[in-house]
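K.L.:
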Amino acid sequence: MSSTERTDGDNGTDGFVAEWRNGAYNCYSSGHKFCREVCPVMQVTRNEVHTPTAFHANVVAMEKGLLDIADVARDYVHCTGCGACELRCPNTLFTGDFYRFRTRTVQLVKAARALAVDQGIHQPGWQRWVEETSRQKSEPVLGAEVPVSQEHVRDWAAGLDLPIGGETILFCDCEGAFHRTSVPRAAAKLLQRAGVEFGLMREQWCCGGPAAEMGYVDRAREFAKHNVDDWRAVGARRIIVFDPHDYISFTEDYPSYFGDEYDFEIVLFVELLAELIRDGRLPLTHPVERTVTYHDACRLNKRKGIHAAPREVLRAIPGLTFKDVDHVTQWSYCSGAGGGLPIERPDLTAEISRRRVERAAALDVDTLVSACVWSERPLTEQRGALEIMDLLEIVALAAGLEDER
Numbered sequence: 228m229s230s231t232e233r234t235d236g237d238n239g240t241d242g243f244v245a246e247w248r249n250g251a252y253n254c255y256s257s258g259h260k261f262c263r264e265v266c267p268v269m270q271v272t273r274n275e276v277h278t279p280t281a282f283h284a285n286v287v288a289m290e291k292g293l294l295d296i297a298d299v300a301r302d303y304v305h306c307t308g309c310g311a312c313e314l315r316c317p318n319t320l321f322t323g324d325f326y327r328f329r330t331r332t333v334q335l336v337k338a339a340r341a342l343a344v345d346q347g348i349h350q351p352g353w354q355r356w357v358e359e360t361s362r363q364k365s366e367p368v369l370g371a372e373v374p375v376s377q378e379h380v381r382d383w384a385a386g387l388d389l390p391i392g393g394e395t396i397l398f399c400d401c402e403g404a405f406h407r408t409s410v411p412r413a414a415a416k417l418l419q420r421a422g423v424e425f426g427l428m429r430e431q432w433c434c435g436g437p438a439a440e441m442g443y444v445d446r447a448r449e450f451a452k453h454n455v456d457d458w459r460a461v462g463a464r465r466i467i468v469f470d471p472h473d474y475i476s477f478t479e480d481y482p483s484y485f486g487d488e489y490d491f492e493i494v495l496f497v498e499l500l501a502e503l504i505r506d507g508r509l510p511l512t513h514p515v516e517r518t519v520t521y522h523d524a525c526r527l528n529k530r531k532g533i534h535a536a537p538r539e540v541l542r543a544i545p546g547l548t549f550k551d552v553d554h555v556t557q558w559s560y561c562s563g564a565g566g567g568l569p570i571e572r573p574d575l576t577a578e579i580s581r582r583r584v585e586r587a588a589a590l591d592v593d594t595l596v597s598a599c600v601w602s603e604r605p606l607t608e609q610r611g612a613l614e615i616m617d618l619l620e621i622v623a624l625a626a627g628l629e630d631e632r
């Protein structure tokens, strides 16, 4: 059957088109394509099928029976979920403030990936990743410092005497738990120094966000249900997260799964950190003699509008020279670590990170600071002479909780 002869039938495409057609026409009919030049993938590939415009135009073509998801599923791999296109879209810029409207390309990409999975169309790397995550209950973190298993998910906290349970839980993402263990250790020490009472989960699973981003929504719901059940079992009311990807999962995906029953307060560590420093509960008395710039994590800056708190924290560190690049300029910056891109297209992630590091090096700094553990892996792989540090690590130095590297 040719693509022009296809009919949707009862395969989920009708519902997908019905949900996304209005947004697709909003994009497709405007014809501006301002989104192209802020898209980190498009900056590298220069391939029109990887543009946000194409992602929307595909919906129009599906409605007209010109193609189906099998024809374009691979194209939708080429998105980090950074959200830059949504901010640069004229439909957002010209109507966003008054009508509270924002183009929803990131959610469209997730929906297209889910449609593909529902129809048995899998990307091999993503499929293996999600299967391993389901088996181990944590993501198969590459090059992990500790074995990826439930038996080792709390190894990072060794010697810190952290309790299990309580009203406030510190959630440690998979990358932090098994690879970037210095980050959750810094987080825990900072909370302890500030007098914040918190505990850990009884049995922490992956947040489920990566599975959802890759289109495996049912698997993501399984992880979410386990984690929420664990929180309720230990009496948790407040969940602290330091990873922006977890923050997206807990503030966007989980509410969509559980509705009004989902009544947890989700606290982003960097915003809490700024508050603790501002209120004098976390004195920073040790000078850190570095010249740094800050990498705006996409899911904080572009997706959630969080860019002031990390800059406030950096400016509070004694001895630090901070060369800032404003958050709007950084709409086009990305590490390439999101949306499952490193699994299916590691070559693109490497080039996106190389370009980000190149921009930082041009500022004549010695350190690139991030507030996202997932971005720090590809940035480190491309770092050259730069040091890549997490914001929590550098604050721990200023608080006298860690030795200088």
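Position 264 of the sequence shown, counted from 1, bears residue number 491 in the numbering used here, the numbering being contiguous throughout. From the three backbone atoms N, C-alpha and C, an ideal C-beta is built for every residue, glycine too.
Does the beta-carbon of P569 have 16 or more other beta-carbons within 10 angstroms, so that it is buried, or is it exposed?
P.N.:
Residue mapping note: residue 569 aligns to position 342 of the sequence shown, counting from 1. It counts as buried.
K.L.:
Comparing C-alpha positions only, which one of C561, E479 and L495 sits nearest to Y489?
P.N.:
Here residue 489 corresponds to residue number 262 of the sequence shown, with the count starting at 1. Ranking C561, E479 and L495 by Cα distance to Y489 puts E479 first.
K.L.:
Here's a check: name, in chain order, each residue in its chain whose Cβ is nearer than 6 Å to the Cβ of G392, leaving out the five neighbours to either side.
P.N.:
To locate residue 392, count along the sequence shown from 1; it is residue 165. The answer, listed in chain order, is G426 and V461.
K.L.:
Beta-carbon within less than 7 Å of E578's beta-carbon, same chain only, minus the 5 sequence neighbours each way: which residues are those?
P.N.:
The residue labelled residue 578 in the question sits at position 351 within the sequence shown. Hits under 7 Å: V271.
K.L.:
Among D470, M441, E430 and E440, whose alpha-carbon lies nearest the alpha-carbon of V455?
P.N.:
Reading the sequence shown from its first residue, position 228 is the one you call residue 455. The option with the nearest alpha carbon to V455 is E430.
K.L.:
Thinking C-alpha only, which one of E492, D593, C525 and A524 is nearest K550?
P.N.:
For the purposes of this step, residue 550 is taken as residue 323 along the sequence shown, with counting starting at 1. Considering only alpha carbons, the answer is D593.
K.L.:
What did DSSP end up calling I493 once you bin it into helix, strand or coil?
P.N.:
For this step, residue 493 is matched to residue 266 along the sequence shown. If DSSP states are grouped into helix, strand and coil, I493 belongs with the strands.
K.L.:
Given 8 Å as the limit, is there contact between the segment 438-446 and the segment 330-345, that is, 3 or more CB pairs closer than that?
P.N.:
yes
K.L.:
Where does the unbroken alpha helix (DSSP H) through S257 begin, and where does it stop?
P.N.:
Here the question's residue 257 lines up with position 30 in the sequence shown. It spans T240 to S257 - the alpha helix (DSSP H) in which S257 sits, taken as one unbroken run.
K.L.:
Measuring alpha carbon to alpha carbon, tell me which residue in P514, G386, G563 and V276 is nearest R604.
P.N.:
Stepping through the sequence shown from its first residue, residue 604 is reached at position 377. It is G563 whose Cα lies nearest to the Cα of R604.
K.L.:
Using the beta-carbon count (16 or more within 10 Å), is H277 buried or exposed?
P.N.:
On the sequence shown, position 50 is the one that residue 277 refers to. Classification of H277: buried, given that the 10 Å Cβ count is 16 or more.
K.L.:
How many Å lie between L590 and W383 at the Cα?
P.N.:
Counted from its first residue, the sequence shown places residue 590 at position 363. Counted from its first residue, the sequence shown places residue 383 at position 156. Cα to Cα, L590 sits roughly 34 Å from W383.
K.L.:
Do you know whose CA, among R526, C525, A501 and P317, lies nearest F261's CA?
P.N.:
Your numbering for residue 261 matches position 34 in the sequence shown. Ranking the options by Cα distance to F261, first place goes to P317.
K.L.:
So, with DSSP's three-state summary, where would you put T518?
P.N.:
As a working mapping, residue 518 is identified with position 291 in the sequence shown. In the three-state scheme derived from DSSP, where H, G and I count as helix and E and B as strand, T518 is classed as strand.
K.L.:
I'd like the span of the beta strand (DSSP E) that includes F398, first residue to last.
P.N.:
Residue mapping note: residue 398 aligns to position 171 of the sequence shown, counting from 1. Note, F398: beta strand (DSSP E), T395 to F398.
K.L.:
Which of helix, strand or coil does DSSP assign to L606?
P.N.:
Residue 606 sits at position 379 when you count from the first residue of the sequence shown. Note: L606 maps to helix in three-state DSSP.
K.L.:
Just to check my reading of the structure: L509 and A421 have Cβ atoms closer than 8 Å, yes? What is that Cβ distance to the nearest angstrom?
P.N.:
Within the sequence shown, residue 509 is the residue found at index 282, counting from 1. Within the sequence shown, residue 421 is the residue found at index 194, counting from 1. Yes, L509 and A421 are in contact; Cβ-Cβ is about 4 Å, under 8 Å.
K.L.:
How big is the Cα-Cα spacing for W353 and G567?
P.N.:
Residue 353 sits at position 126 when you count from the first residue of the sequence shown. Residue 567 sits at position 340 when you count from the first residue of the sequence shown. Distance between the alpha carbons of W353 and G567: 7 Å.
K.L.:
If you draw a straight line from the alpha carbon of D388 to that of H283, how long is it in whole angstroms?
P.N.:
Position 161 of the sequence shown, counting from 1, holds the residue named residue 388. Position 56 of the sequence shown, counting from 1, holds the residue named residue 283. One C-alpha to the other measures close to 51 Å.
K.L.:
Quick check on the burial criterion: 16 or more other C-beta atoms within 10 angstroms. Buried or exposed for V375?
P.N.:
If you number the sequence shown from 1, residue 375 lands on position 148. It is buried - the Cβ of V375 has at least 16 other Cβ atoms within 10 Å.
K.L.:
Do you know how far the Cα of H534 is from the Cα of A311?
P.N.:
Here residue 311 refers to the residue found at position 84 when the sequence shown is read from its first residue. Here residue 534 refers to the residue found at position 307 when the sequence shown is read from its first residue. Roughly 14 Å separates the two Cα atoms.
K.L.:
With a 10 Å radius around its C-beta and 16 neighbouring C-beta atoms as the bar for buried, classify I467 as buried or exposed.
P.N.:
To locate residue 467, count along the sequence shown from 1; it is residue 240. By the 16-neighbour rule on beta-carbons within 10 angstroms, I467 is buried.
K.L.:
In the DSSP assignment, what residue or residues form a beta bridge with F549?
P.N.:
By one-based count along the sequence shown, residue 549 stands at place 322. Paired residues: V519.
K.L.:
Return helix, strand or coil for S229, following the three-state DSSP convention.
P.N.:
Here residue 229 is taken as the residue at index 2 of the sequence shown, counted from 1. Bear in mind that the predicted position of S229 carries a pLDDT of just 35, short of 50, making it unreliable; the figure below should be weighed with that in mind. Of the three classes helix, strand and coil, the one that applies to S229 here is coil, per DSSP.
K.L.:
Looking at C525 and C561, is the spacing between their C-beta atoms short of 7 Å?
P.N.:
Stepping through the sequence shown from its first residue, residue 561 is reached at position 334. Stepping through the sequence shown from its first residue, residue 525 is reached at position 298. Closer than 7 Å, so yes.
K.L.:
How long is the line joining the alpha carbons of V497 and R538, rounded to whole angstroms?
P.N.:
Position 270 of the sequence shown, counted from the start, is the residue given in the question as residue 497. Position 311 of the sequence shown, counted from the start, is the residue given in the question as residue 538. Taking the Cα positions, V497 is about 10 Å away from R538.
K.L.:
Would you mind reading off the limits of the alpha helix (DSSP H) that contains S361?
P.N.:
Reading the sequence shown from its first residue, position 134 is the one you call residue 361. Looking at the DSSP string, the run of the alpha helix (DSSP H) that includes S361 is P351 to Q363.
K.L.:
Does the Cβ of W247 have 16 or more other Cβ atoms within 10 Å, making it buried, or fewer, making it exposed?
P.N.:
If you number the sequence shown from 1, residue 247 lands on position 20. With 16 or more Cβ atoms within 10 Å of its Cβ, W247 is classed as buried.
K.L.:
For the candidate residues Q609, L503 and K529, whose alpha-carbon lies nearest to that of V540?
P.N.:
Residue 540 sits at position 313 when you count from the first residue of the sequence shown. Per the Cα distances, L503.
K.L.:
Thinking just about the alpha-carbon of each residue, which of P573, E614 and L575 is nearest to the one in V584?
P.N.:
The sequence position of residue 584 within the sequence shown is 357, counting from 1. Looking only at P573, E614 and L575, the smallest Cα-Cα distance to V584 is reached by E614.
K.L.:
Near R530, which residues of its chain fall below 6 Å by C-beta distance, leaving aside the five closest residues on each side in sequence?
P.N.:
Taking the sequence shown and counting its residues from 1, the one referred to as residue 530 is at position 303. Within the same chain, R530 has close Cβ partners G310.
K.L.:
Could I get the ranges of all uninterrupted alpha helix (DSSP H) runs contained in the segment 373-414, with 4 residues as the minimum, in chain order?
P.N.:
401-405
K.L.:
What's the call for L369, buried or exposed, on a 16-neighbour Cβ count within 10 Å?
P.N.:
Working through the sequence shown from its first residue, we reach residue 369 at position 142. L369 is exposed by the Cβ-count criterion.
K.L.:
Go through its chain and collect everything with a Cβ distance to L575's Cβ below 8 Å, but skip five positions before and after it.
P.N.:
The count along the sequence shown starts at 1 and reaches residue 575 at position 348. Here the set comprises V268, V271, T272, H305, G563 and L568.
K.L.:
Hey, could you find the ends of the alpha helix (DSSP H) M269 is sitting in?
P.N.:
Within the sequence shown, residue 269 is the residue found at index 42, counting from 1. Per DSSP, M269 belongs to the alpha helix (DSSP H) from P267 to T272.
K.L.:
Under a three-way DSSP split, which group does I533 fall into?
P.N.:
By 1-based counting over the sequence shown, the position of residue 533 is 306. Coil.
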